[in-house]
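J.:
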Amino acid sequence: DCGIVKYDSQSGEVEKYNRFNILSDITPTSIAYDESTESVIIGYSTGNLDIIHENEVTNINDIKKKSINSSKSINSIIVKDGYAYLGTDFGIVKLNIARQEISETWFIGENGTYVHVNDMDMHGDDLYVASTTGVMHGNLSDHLVDFSNWRVLTDIVATSQYAWMNGENFSTVKYFGGKLLASYKSPRTNSDTIMAYDGNLWSHVLDECVSVKSLSGNEDTLLCSTGVALYIFNRSLESTQPEPHWYYKS
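For the sequence shown, my numbering assigns the number 1082 to the initial residue and increments by one for each residue that follows.
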């Protein structure tokens, strides 16, 4: 059955949450933790949203019930200063966590059209978005409900060697080591490409990761998961082990 797993690092106990015990839906697609309220926030493919606090669940189904000509999956959740930013199939929804209510909905495409958000990351007040049509950037100090305050970082001049990035599908983003990393999702098997942006130019990095499921980590360590293996890199994007950690081997 679909659900999430809670692991207690001190006791080693594992607890499963699903639709039959605590969750409000059956297909979780994203999860985040808010330290200020000690709450777990779970998004679903239906647009449903759960906030779990002290083993009690509050369901927020505004997105699920919203009449909109788009699928509503919540694909990514970023938490900052009391708000949860929900990356969905149609744009970004800003949620006030304490009040448990939606504050704004951002349609960030050209002329305020829908954009399918695959993943998000934040550095300071800079919000980075991986979407099916490119990598985007907005700053929280700006009025981000206004689509004109968003910049498409992959709008590259046709003469550049990386002009192929224009309008392409990027599955994940991660700000790491002073650079923005973004994974191009190729329609071909084992052909994903991770690109790095230094604020001015793009470059191709991490040749080892050709089937990217996620980019994560902390200030000093980057993790690249392919679904069957985990690659670990330092701040200089150098591999820290001779071969990846395999989830399983045949």
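Cβ coordinates follow ideal geometry from the N, Cα and C atoms, glycine included.
What you are looking at is a predicted structure, and each value in this text was computed from that prediction instead of being measured.
#1: For the alpha helix (DSSP H) that contains residue 1161, what are its first and last residues?
#2: Starting from residue 1145, follow the alpha helix (DSSP H) in both directions and report where the run begins and ends.
#3: My output table needs one value for residue 1231: the three-state DSSP class, helix, strand or coil.
#4: Counting beta carbon pairs with one atom in the region 1135 to 1153 and one in the region 1088 to 1096, are three or more of them shorter than 8 angstroms?
#5: If the criterion is Cβ atoms closer than 8 angstroms, does the pair residue 1384 and residue 1183 meet it?
#6: What alpha helix (DSSP H) runs, 4 residues minimum, are completely inside the region 1089 to 1130?
#7: Going by beta-carbon coordinates alone, are residue 1312 and residue 1256 separated by less than 8 angstroms?
#8: Cα separation between residue 1316 and residue 1148?
#9: Between the C-alpha atoms of residue 1231 and residue 1222, what's the straight-line distance to the nearest angstrom?
#10: Taking the CB atoms as reference points, tell me whether residue 1220 and residue 1202 lie closer together than 8 angstroms.
#11: Going along the chain, which residues of its own chain have a beta-carbon closer than 7 angstroms to the beta-carbon of residue 1090, five neighbours each way excluded?
#12: Since residue 1265 sits in a beta bridge, which residues does DSSP pair it with?
#13: Quick one: what does DSSP say residue 1192 is sitting in, helix, strand or coil?
#14: Determine the contact status of residue 1260 and residue 1279, defining contact as a CB-CB distance below 8 angstroms.
#15: Three-state secondary structure (DSSP) at residue 1244?
#16: Of the choices 1301, 1310, 1129, whose alpha-carbon is the least far from that of residue 1319?
#17: So residue 1156 packs on residue 1198, CB below 8 angstroms; how close in whole Å?
#18: Does the beta-carbon distance from residue 1164 to residue 1144 come in below 8 angstroms?
#19: Counting only C-beta atoms, is residue 1094 closer than 8 angstroms to chain B at any point?
#20: Tell me residue 1286's beta-bridge partners as DSSP assigns them.
T.: So, to answer that:
#1: From DSSP, residue 1161 is part of no alpha helix (DSSP H) but of the beta strand (DSSP E) over 1155 to 1161.
#2: 1143 to 1146
#3: coil
#4: no
#5: Because the chain in this structure spans residues 1082 to 1331, residue 1384 falls outside the shown range and cannot be described.
#6: Complete alpha helix (DSSP H) runs here, min 4: none at all.
#7: At the C-beta level, residue 1312 and residue 1256 stay beyond 8 angstroms of one another.
#8: 44 angstroms
#9: 12 angstroms
#10: No, these two residues do not count as a Cβ contact at 8 angstroms.
#11: There are no such residues.
#12: Answer is 1251, 1274, bridged to residue 1265.
#13: helix
#14: yes
#15: helix
#16: 1301
#17: 6 angstroms
#18: no
#19: In the displayed structure, chain B is absent; only one protein chain is listed.
#20: 1275
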